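Chemist: Protein chains in written order, with our numbering: chain A, 377 to 935; chain B, 27 to 297.
Glycine is no exception: its CB is placed at the ideal position from the N, C-alpha and C atoms.
For clarity, every value in this text was computed on a predicted model and none was experimentally measured.
Let me give you the structure first, and then I'll get to my questions.
Next comes the structure, spelled out in C-alpha cells:
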C-alpha cells in the first residue's frame, strides 16, 4: 500500500528532530502535541483571568479594578478561551489526534494535510483571540455574545468575536470530517465497530455532533457582524428582527457543544478506569449505544439555556422534559463507570487519582444540573451562582481533571518517561480540594441569590452566606493554583528527568500501548496491524489475543 | 418455559414503574393554586419544590458515591498480575441493565417534572386580579410605572398581600428582572413584552438585581422591592401623585391606583 499524499510512513520511532519538521509536520501525533500546547497555553491564560476575577470578588468593594469593562474583558476571555481554546482543542484536538488513529490501528488520519490545516487554524484562532487583550476596542460581550449588546459599540470589536468563532469552527469541522473518516474507514483489519475504545466512540460521536451543529453557530455569529456593521437587522426588533433568534441559534449549537466536551472526557475516564481496574467496561455495547443516543437528545434541549428568556410556556415545558431525558444515557455512562470497578483489581496509579477525582466531581456536577433542568425551579436560580457552580463542576473541574488525567495517562507514550507518582497524586488532591473550595460555597451563594457576571455585590453585603462564600472561594483559587503549578512541575520533571519506562506502564490492552514503539514514530505501526475477532481493547479478564502485523512487503511471508 | 413467560411479563410490567410516582403526585395535587392559590405563594411553593429536588439529588448522589467508594475499597488490587473478574453478562442481563436503570431515572425525572409543571403553571398564570406595573429597563436602571402614571426608579413599592404582575420591556439591551425574595426571574428585551408576577406576603424590603449581562454597569443594576402596609402605601402613592401634578393629586388618581380587590379577598382563608 502506497502512502497517502506523498506521506510515506518510515516507521522510525520518536519525535521529529528539527524545528522545520515540527512545524511542517503532517503526522497526527505531532499535530496532537501542537493542539496540546495550544490548549495548555489557553488554559493558563484563561486560568489567570479566573484568578483575577476571584481576587476581585474576594470581598465587597473594588479590589483590583473599579472599571466594569476591565472585569468584563477578563470574564469574556475566561469563558471563550477556556471553552474554545482549552477544552475543545484538548479533547477533540489532542486526544482525538494523538490517540484515536493509533487506537483504531490507522497509520495516520485519513487526510493528514487537512489535519495540519486544522491545527494551524486553531492556533490562528487562539492568537487572534489573545489579541483581544491588547486591542483598544476589545470585545467584552461575554463568550455568548448576546445581541443587542454585542451589536452596539459598547461591546467592542464584534467582528473579532465572529471571526474567531468562525475560524475555530472551521478548524473543528475539518477536524471532525477527518476524524470521522479515520474511524469509519481506517480501522485495523479485523477491528469491528464494537471493538473500539470508549475514547474512540466518544470522540467519534462528539465529532458527528460538531459536524451537525457547528454550521449553525457560524451562521449565528456571522449574522451578528452583518447586523452590527452592515445594518441587516436579523436580531434588531426595530427593523423586524428578533433578539431571541440569536439565543435559539446559539444554544442550538452550544448545548450540544457541552456533550462535545463531556463525551470525550468521559471517554478518557473510561480508558483509565478500565486499565487501572484491569476490568472489562461494564455493559460495553449498551454503553456505546448510550453514547450515540446523545446525538439526537442533545439536539432537543437548547431552550433550557433560555427558560427565562420570554419563549412560549409550552416550549419551556417540552424542553424541561427532553432535558431530563439526558439523565438516561448519562446515567448509563456513570453506571458503566462504577460497574467497571466492580470485581476489578484496582491499581491506584497517578492517572487513576486524577480520573477518580474527575468522576466524583462529575457526580456532583451532574446532579446539581437536575434542579436547573426544571423550568420552574430555574425561575429562582437562573443566571445565578447555582448554574455557574453546576457547569464549573461538570466542565471546568471534572472536564479539566479528566483532560489532565489523560495527559498523565498517555505521558509515557509521549515522552518515554513517567511522571513522578507522588507529584501526580498530590497535584490531583490539591486540584480536587481546591476546586471544591472554589465552587462548593458558591453554590450556596447562588441559592441566596448571588447573580453571576457581577463584579461586585454590595447589594448583598449584609448576607453572611454570600460574603463568606466569596471569601472562601478566593482562598480555594490559591489552593488550585498550587495544584496547577505542581502539575506543570510534574510534567517538566517527567519530561526531562522522569523514570524511563517501557511502552505499557499501565498494562493496558488497547493498540496504542500494545502494538507501537515506546514513543511511536511516523506511521505508528511498522506494518499494518491486524486484530483477532476476539480481541478487545478492554479484554482484561481473559487472555486477549495479541494484535498481529501484516508481514513486511519485502519478506517471503508476503502473499 | 412457563416461568420464562411469566418473567417476561413481569419485566414488561416494570415499564410502568416510572409513571407511578408521577401519577401518585397527580392524584395528591392540591386544588389549582392559580387565581387565589389557597395560601401558597409561588415563592413558598418554589421552596418546597427546591427542597424536594435537593433531597432527591442528595440521596441519589450519596447512594451512588457510597457504592462506588465501596467498590474502590473492596476491589483494590491484591497482588501483581491480578485481573478483574467482571462477570460476562447474558443478553437478557445486558438489556436489563439498560432498561431497569433507565426506568428508575425516568421515574425520578417524571416525578420532578410533575412537581415542576405544577409550579411552572403557578408562575406563568398571573392571577386575574393582580396589580399591574410596567417595568422599563435601560442601562443601568429599572423604571417602574404604576397604572396612574407615577414612576419610580430602582425601587418598586407595593402594598402587602396583593399579587403584582410586571409587564416588562427594555429600551436598549437584554436585562433580566430578578426578585430575590420572590424567587422569580424573567428576561427583559427590546421588541417583546415579557411578564412575571409575585405575591408580596410579608412586609419589608428585598433585593432586585439584573441577571442578564448588560454591559459595564451590570453589577450596579440593582434595586429594591418594598412591600408596605396598605395604608402606608396609599399615603405614599398620594404624595407621589401630589408631587407629579402641580395642582395636587386628585382623589380619582389615588383611587385608580388602588382600585384593586382587597388583600383579604385575595388571600382567601389565609389571614
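Please list, in chain order, all residues of the same chain as residue 431 of chain A whose beta carbon is under 8 Å from its beta carbon, the five residues on each side excluded.
Modeler: Around residue 431 of chain A: 439, 440, 850 and 853.
Chemist: Assign residue 774 of chain A to buried or exposed, taking buried as 16 or more other Cβ atoms, counted over all protein chains shown, within 10 Å of its Cβ.
Modeler: Buried.
Chemist: Taking a Cβ distance cut-off of 7 Å, strictly less, list which residues of the stretch 746 to 758 of chain A are near chain B, in chain order.
Modeler: Of all residues in the stretch 746 to 758 of chain A, 746, 747, 750, 751, 752, 753, 755, 756 and 758 have a Cβ within less than 7 Å of some Cβ in chain B.
Chemist: Identify, in the order they occur along the chain, each residue of the same chain with its Cβ nearer than 8 Å to the Cβ of residue 915 of chain A, setting aside the five sequence neighbours on each side.
Modeler: The answer, listed in chain order, is 656 and 885.
Chemist: From the DSSP output, in three-state form, read off residue 221 of chain B for me.
Modeler: Reduced to three states, the DSSP call for residue 221 of chain B is strand.
Chemist: In the DSSP assignment, what are the bridge partners of residue 236 of chain B?
Modeler: BP columns for residue 236 of chain B point to B:203.
Chemist: Measuring alpha carbon to alpha carbon, tell me which residue in A:641, A:755, A:912 and A:688 is nearest residue 567 of chain A.
Modeler: Taking only the C-alpha atoms, the option nearest residue 567 of chain A is A:912.
Chemist: For residue 171 of chain B, which beta-bridge partners are listed by DSSP?
Modeler: Beta-bridge pairing links residue 171 of chain B to B:160 and B:177.
Chemist: Could you say which of A:772, A:784, A:778 and A:824 lies nearest to residue 757 of chain A if we only look at CA atoms?
Modeler: Among A:772, A:784, A:778 and A:824, the Cα nearest to that of residue 757 of chain A belongs to A:824.
Chemist: Pick helix, strand or coil for residue 242 of chain B, following the three-state DSSP scheme.
Modeler: Three-state DSSP puts residue 242 of chain B in coil, outside helix and strand.
Chemist: From the DSSP output, in three-state form, read off residue 392 of chain A for me.
Modeler: Residue 392 of chain A falls in the coil class under three-state DSSP.
Chemist: Can you list, in chain order, the residues of its chain whose CB lies under 6 Å from that of residue 74 of chain B, leaving out five sequence neighbours each side?
Modeler: Result list for residue 74 of chain B: empty, nothing under 6 Å.
Chemist: Cα-Cα, which of A:474, A:905, A:463 and A:594 is closest to residue 403 of chain A?
Modeler: Cα-wise, what sits closest to residue 403 of chain A is A:474.
Chemist: So, is residue 605 of chain A buried or exposed, given that buried needs 16 or more other C-beta atoms within 10 angstroms?
Modeler: Burial call: exposed.
Chemist: Just to confirm before moving on: does the CB-CB distance between residue 131 of chain B and residue 704 of chain A stay below 7 Å?
Modeler: It is a contact, given that the beta carbons lie within the stated cut-off.
Chemist: Tell me the DSSP secondary structure of residue 212 of chain B in three-state form.
Modeler: Residue 212 of chain B falls in the strand class under three-state DSSP.
Chemist: Using a Cβ-Cβ cut-off of 6 Å (strictly less than) and excluding sequence neighbours within five positions of residue 232 of chain B, which residues of its own chain qualify?
Modeler: The residues are 206, 207 and 251.
Chemist: Tell me the DSSP bridge mates of residue 565 of chain A?
Modeler: DSSP lists A:906 as partners of residue 565 of chain A.
Chemist: Once you ignore the five residues that flank residue 695 of chain A on each side, which residues in its own chain have a CB closer than 7 Å to its CB?
Modeler: Answer for residue 695 of chain A: 677, 679 and 680, listed in chain order.
Chemist: Identify the contact partners of residue 469 of chain A in chain B, using a Cβ-Cβ distance below 9 Å as the criterion.
Modeler: Chain B residues near residue 469 of chain A: none, gap ~29 Å exceeds 9 Å.
Chemist: So, is the C-beta of residue 58 of chain B closer than 7 Å to a C-beta in chain A?
Modeler: A caution first: residue 58 of chain B carries a pLDDT of 46, below 50, which makes its placement in the model too unreliable to give a value.
Chemist: Please work out which residues of its chain come closer than 7 Å, Cβ to Cβ, to residue 538 of chain A, disregarding the five sequence neighbours upstream and downstream, and give them in chain order.
Modeler: Answer for residue 538 of chain A: 597, 598, 600 and 601, listed in chain order.
Chemist: Taking just the CA atoms, how far does residue 804 of chain A sit from residue 793 of chain A?
Modeler: Roughly 19 Å between the two C-alpha positions.
Chemist: Can a CB atom of chain A be found closer than 7 Å to the CB of residue 162 of chain B?
Modeler: It does not: the Cβ of residue 162 of chain B has no partner Cβ on chain A nearer than 7 Å.
Chemist: Note down, in chain order, each residue of its chain lying with its Cβ closer than 6 Å to the Cβ of residue 59 of chain B, except the 5 sequence neighbours on either side.
Modeler: Here the model assigns residue 59 of chain B a pLDDT of 45, short of 50, so the residue's position is not dependable, and the following value carries that caveat. Here the set comprises 66 and 148.
Chemist: Is the distance from the Cβ of residue 229 of chain B to the Cβ of residue 186 of chain B below 7 Å?
Modeler: Contact: yes.
Chemist: Counting C-beta neighbours from all protein chains within 10 Å, is the total for residue 257 of chain B 16 or more, i.e. buried, or is it exposed?
Modeler: Residue 257 of chain B is exposed by the Cβ-count criterion.
Chemist: Pull up the distance between the alpha-carbon of residue 68 of chain B and that of residue 179 of chain B, whole angstroms please.
Modeler: If you take the alpha carbons of residue 68 of chain B and residue 179 of chain B, they lie about 25 Å apart.
Chemist: Of all the CB atoms in chain B, is at least one closer than 7 Å to the CB of residue 800 of chain A?
Modeler: Cβ-Cβ to chain B under 7 Å: no for residue 800 of chain A.
Chemist: Is the distance from the Cβ of residue 719 of chain A to the Cβ of residue 111 of chain B below 7 Å?
Modeler: Result yes, Cβ atoms of residue 719 of chain A and residue 111 of chain B sit closer than 7 Å.
Chemist: Output yes or no for whether 7 Å exceeds the beta carbon distance between residue 225 of chain B and residue 173 of chain B.
Modeler: Not closer than 7 Å, so no.
Chemist: What does residue 722 of chain A touch in chain B if you count any residue whose Cβ is under 7 Å from its own?
Modeler: Per Cβ cutoff of 7 Å: 98, 101, 102 and 103.
Chemist: Just the chain B side, please: which residues come within less than 9 Å of residue 927 of chain A by C-beta, in chain order?
Modeler: Going along chain B, no residue has its Cβ under 9 Å from residue 927 of chain A, so there is no contact; the nearest lies around 32 Å.
Chemist: Do you know offhand how far residue 895 of chain A's Cα is from residue 454 of chain A's?
Modeler: Between residue 895 of chain A and residue 454 of chain A, the C-alpha separation is close to 34 Å.
Chemist: According to the Cβ coordinates, are residue 139 of chain B and residue 700 of chain A closer than 7 Å?
Modeler: Cβ atoms of residue 139 of chain B and residue 700 of chain A: closer than 7 Å.
Chemist: Classify residue 920 of chain A as helix, strand or coil using the three-state DSSP reduction.
Modeler: Three-state result, residue 920 of chain A: coil.
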